[in-house]
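Asker: Sequence lines, in order, name chains A and B. For our numbering, count along the first sequence from 1 and bump the result up by 52. For our numbering, count along the second sequence from 1 and bump the result up by 129. Positions of the beta carbon are idealized from the N, C-alpha and C atoms, including for glycine. These numbers come from a predicted model, not from an experiment. What follows is a single structure, and I will ask about it in a moment.
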Amino acid sequence: GIQVEQSPPDLILQEGANSTLRCNFSDSVNNLQWFHQNPWGQLINLFYIPSGTKQNGRLSATTVATERYSLLYISSSQTTDSGVYFCAVARGSGANSKLTFGKGITLSVRP
Amino acid sequence: KAGVTQTPRYLIKTRGQQVTLSCSPISGHRSVSWYQQTPGQGLQFLFEYFSETQRNKGNFPGRFSGRQFSNSRSEMNVSTLELGDSALYLCASSLGEWRVEAFFGQGTRLTVV
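Next comes the structure, spelled out in structure tokens:
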């Protein structure tokens, strides 16, 4: 099946710093999503981005589908950005829409 | 509009028992998928239902089963619980056709003792 690798596995930042989280995947995809898992376990949708670039406030994401990677940028980080960030991909729609997740990136933002 | 709702939020069961978890998708969404999250294995796909039919299944034993009702609500059942079934179970819903973006519920945390 498709492989998803996220890096780095852990990231420690000072409040106000910028960061880049990376997601590499092994095959062409029809769906790529970034999630932030809150302390209670819920996966919060950040971006649906199978290709291209999107921005939402201090967060932005870019997926280069032809090179099979995606980047999540966090600018001016805040302590509330702490948590685990997951990248998940799917090959297609319908019966091929199951998501394969990376192992996650644990971000700690220090005040 | 309301998000994905999972019940119950927390559950403690004894080995050998069975458990049923429920998921109500976003209104209008016809696909419901289930995932298991454990510290050791991460997030793993269990199965997906679309229009009351199982459309895809992950690599889990037959003790794990599910179903979907005509209103798109889904249940998953785990029989003969084992200690290793302790996990966070997450449900996701999507429109299910060309639009595949998934939205997750808050999860059910199952502890097997």
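1. What are the residues in the stretch 150-166 of chain B lying within 8 Å of chain A by C-beta distance?
2. Going by DSSP, what residue range makes up the beta strand (DSSP E) through residue 197/B?
3. Hey, does residue 241/B have any beta-carbon neighbour from chain A nearer than 8 Å?
4. Can you find the residues in the same chain that come closer than 7 Å, C-beta to C-beta, to residue 146/B, ignoring five residues on each side of it along the sequence?
5. Among all the DSSP beta bridges, which residues are the ones paired with residue 221/B?
6. Please go through the same chain and pick out, in chain order, the residues whose beta-carbon is closer than 6 Å to the beta-carbon of residue 158/A, but skip the five residues on each side of it.
7. Within this structure, are the beta carbons of residue 197/B and residue 135/B separated by less than 8 Å?
8. With a CB to CB cut of under 7 Å and the five nearest residues on each side skipped, what residues in its chain are close to residue 156/A?
9. Closer than 7 Å by C-beta to residue 134/A: which residues in its own chain qualify, once you throw out the five before and the five after it? Chain order, please.
10. Using a Cβ cut-off of 9 Å, pull out every chain A residue sitting near residue 219/B, in sequence order please.
11. Mind checking whether residue 140/A and residue 149/A have CB atoms under 8 Å apart?
12. Just curious, the beta strand (DSSP E) that residue 106/A is in, first and last residue?
13. With a cut-off of 8 Å, does the C-beta of residue 140/B fall near any C-beta of chain A?
14. Between residue 112/A and the rest of its own chain, which residues show a CB-CB distance below 6 Å, the 5 nearest in sequence each way excluded?
15. For residue 178/B and residue 162/B, what's the separation of their Cα atoms in angstroms?
16. Indicate whether at least one CB of chain A lies closer than 8 Å to the CB of residue 216/B.
17. Return the CA-CA distance between residue 141/B and residue 185/B, expressed in angstroms with no decimal places.
18. Since I believe residue 153/B is in contact with residue 228/B (beta carbons under 8 Å), could you give me their beta-carbon distance rounded to a whole number of angstroms?
19. For residue 100/A, which residues in the same chain have their Cβ closer than 6 Å to its Cβ, ignoring the five residues on either side in sequence?
20. Taking only three categories from DSSP, how would you classify residue 146/A?
21. Within the same chain, show all residues whose beta-carbon is closer than 6 Å to that of residue 65/A, passing over the 5 residues directly before and after it, in chain order.
Answerer: According to the data block:
1. Result list: 160, 162, 164 and 166.
2. On the second sequence, position 68 is the one that residue 197/B refers to. 193-197 is the span of the beta strand (DSSP E), which, as asked, contains residue 197/B.
3. In the second sequence, residue 241/B corresponds to position 112, counting from 1. It does not: the Cβ of residue 241/B has no partner Cβ on chain A nearer than 8 Å.
4. Here residue 146/B is taken as the residue at index 17 of the second sequence, counted from 1. Cβ-Cβ distances below 7 Å link residue 146/B to 210 in the same chain, with the five nearest sequence neighbours on each side left out; the list follows chain order.
5. Reading the second sequence from its first residue, position 92 is the one you call residue 221/B. As DSSP reads the structure, residue 221/B sits in a beta bridge with 162/B and 233/B.
6. For this step, residue 158/A is matched to residue 106 along the first sequence. Same-chain partners within the cutoff: 62 and 136.
7. For the purposes of this step, residue 197/B is identified with residue 68 of the second sequence, where counting begins at 1. For the purposes of this step, residue 135/B is identified with residue 6 of the second sequence, where counting begins at 1. At least 8 Å separates the beta-carbon of residue 197/B from that of residue 135/B.
8. If you number the first sequence from 1, residue 156/A lands on position 104. A distance below 7 Å between beta-carbons, with the five flanking residues on each side excluded, links residue 156/A to the following residues of its chain, in chain order: 58, 136, 137 and 138.
9. Taking the first sequence and counting its residues from 1, the one referred to as residue 134/A is at position 82. Hits under 7 Å: 159, 160 and 161.
10. Numbered from 1 along the second sequence, position 90 holds the residue referred to as residue 219/B. Against chain A, the beta carbon of residue 219/B has neighbours under 9 Å at 93, 94 and 95, listed in chain order.
11. Walking along the first sequence from the start, residue 140/A turns up at place 88. Walking along the first sequence from the start, residue 149/A turns up at place 97. No. Outside cutoff.
12. Residue mapping note: residue 106/A aligns to position 54 of the first sequence, counting from 1. Segment 104-108, the beta strand (DSSP E) holding residue 106/A.
13. Taking the first residue of the second sequence as position 1, residue 140/B is located at position 11. Among the residues facing chain A, residue 140/B is not included, as its CB has no counterpart in that chain under 8 Å away.
14. The residue labelled residue 112/A in the question sits at position 60 within the first sequence. Cβ neighbours of residue 112/A within its own chain (closer than 6 Å, five residues either side excluded): 125.
15. In the second sequence, counting from the first residue as 1, residue 178/B sits at position 49. In the second sequence, counting from the first residue as 1, residue 162/B sits at position 33. So the alpha carbons of these two residues sit roughly 6 Å apart.
16. Here the question's residue 216/B lines up with position 87 in the second sequence. No, no contact with chain A.
17. In the second sequence, counting from the first residue as 1, residue 141/B sits at position 12. In the second sequence, counting from the first residue as 1, residue 185/B sits at position 56. Each residue's alpha carbon lies about 28 Å from the other.
18. Walking along the second sequence from the start, residue 228/B turns up at place 99. Walking along the second sequence from the start, residue 153/B turns up at place 24. About 19 Å; that fails the 8 Å criterion.
19. Here the question's residue 100/A lines up with position 48 in the first sequence. Hits under 6 Å: 85.
20. The residue you call residue 146/A lines up with position 94 of the first sequence. In the three-state scheme derived from DSSP, where H, G and I count as helix and E and B as strand, residue 146/A is classed as helix.
21. Counting from one through the first sequence, the residue named residue 65/A turns up at place 13. Around residue 65/A: 71, 129 and 161.
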